[in-house]
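Peer 1:
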Amino acid sequence: MDATPDLSSFAPLVYAIVKQIPSGTVATYGQIASMIPPIDDDMDAGAYARLAPRWVGDVLNGISSIDEPSIPWHRVINSRGGISLPNESRAAALQRARLRHEGVEFDAHEQVNLNTYGWDGPPDEFLAHWGFMKPKSIKRPPPQGPQQMSLF
DNA sequence: CGTTTGACTACGC
DNA sequence: CGCGTAGCCAAAC
């Protein structure tokens, strides 16, 4: 059997998830990758966790070239909340324009506040249907009492 | 068929 | 808190 460990079996899963990202929100490569369980059983879970985000990028690179309209590839950004495409890239400008058009704002550093625009992930039904795992929420729960004032 | 690069991320300074 | 580096694998050259 051709156990081709290429991305052909990985790509459809990425497509399915990216399609679920609502307009006006963004998801990170790592977040999407964390939802997809390791396909290769022999692969170490830790290794997979480090590799999968890059595979997501590779997959999206394929559809951004043809600009597949059914897949909102522009809503996927890196963990820093920035666009990973080369700044001078035509696709980067397109991605940024589309996000802004959807209401996503960029700060002075040209980065998106994931706390505000970060995606919570698809519904549980969707996850169960595909056998996906619930992603680690990219929204960082604000510490309840970060600036706990020292009474004395 | 060896080398290089990459839409990544975590970690260190 | 921003910038540089290491790691890891697949695809492109």
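Sequential numbering of the first sequence, starting at 1049, is according to our numbering.
Ideal Cβ placement from N, Cα and C applies to all residues, glycine included.
Quick one: what does DSSP say residue 1073 is sitting in, helix, strand or coil?
Peer 2: The answer is coil: DSSP assigns residue 1073 none of H, G, I, E or B.
Peer 1: May I have a chain-ordered list of the alpha helix (DSSP H) segments no shorter than 4 residues that lie completely inside the region 1076 to 1105?
Peer 2: Listed in chain order, they are 1077 to 1083.
Peer 1: Determine the DSSP secondary structure at residue 1110, reduced to helix, strand or coil.
Peer 2: Helix.
Peer 1: For residue 1072, which of 1101, 1162, 1184 and 1102 has the nearest alpha-carbon?
Peer 2: Cα-wise, what sits closest to residue 1072 is 1162.
Peer 1: Compute the distance between the beta-carbons of residue 1084 and residue 1167, then report whether it is under 8 Å.
Peer 2: No; because the gap between Cβ atoms is not below 8 Å, this pair is not in contact.
Peer 1: What residues match up with residue 1124 in a beta bridge as DSSP calls it?
Peer 2: According to DSSP, which records beta bridges pairwise, residue 1124 is partnered with 1075.
Peer 1: How would you call residue 1120, buried or exposed, if buried means at least 16 neighbouring beta carbons within 10 angstroms?
Peer 2: Counting Cβ neighbours within 10 Å, residue 1120 comes out buried, since at least 16 surround it.
Peer 1: Just curious, the alpha helix (DSSP H) that residue 1174 is in, first and last residue?
Peer 2: Here the alpha helix (DSSP H) through residue 1174 covers 1172 to 1178.
Peer 1: Tell me which same chain residues have a C-beta within less than 6 Å of the C-beta of residue 1150, skipping the five on either side of it?
Peer 2: For residue 1150, where only same-chain residues beyond five positions count, the Cβ hits under 6 Å are 1071 and 1072.
Peer 1: Just how far apart, CA to CA, sit residue 1147 and residue 1175?
Peer 2: If you take the alpha carbons of residue 1147 and residue 1175, they lie about 25 Å apart.
Peer 1: To which residues of the same chain is residue 1066 closer than 8 Å at the C-beta, ignoring the five residues directly before and after it?
Peer 2: So the qualifying residues of the chain are 1075, 1080, 1108, 1119, 1120, 1121, 1123 and 1124.
Peer 1: Here's a check: name, in chain order, each residue in its chain whose Cβ is nearer than 6 Å to the Cβ of residue 1103, leaving out the five neighbours to either side.
Peer 2: Only 1055 and 1058 meet the Cβ criterion.
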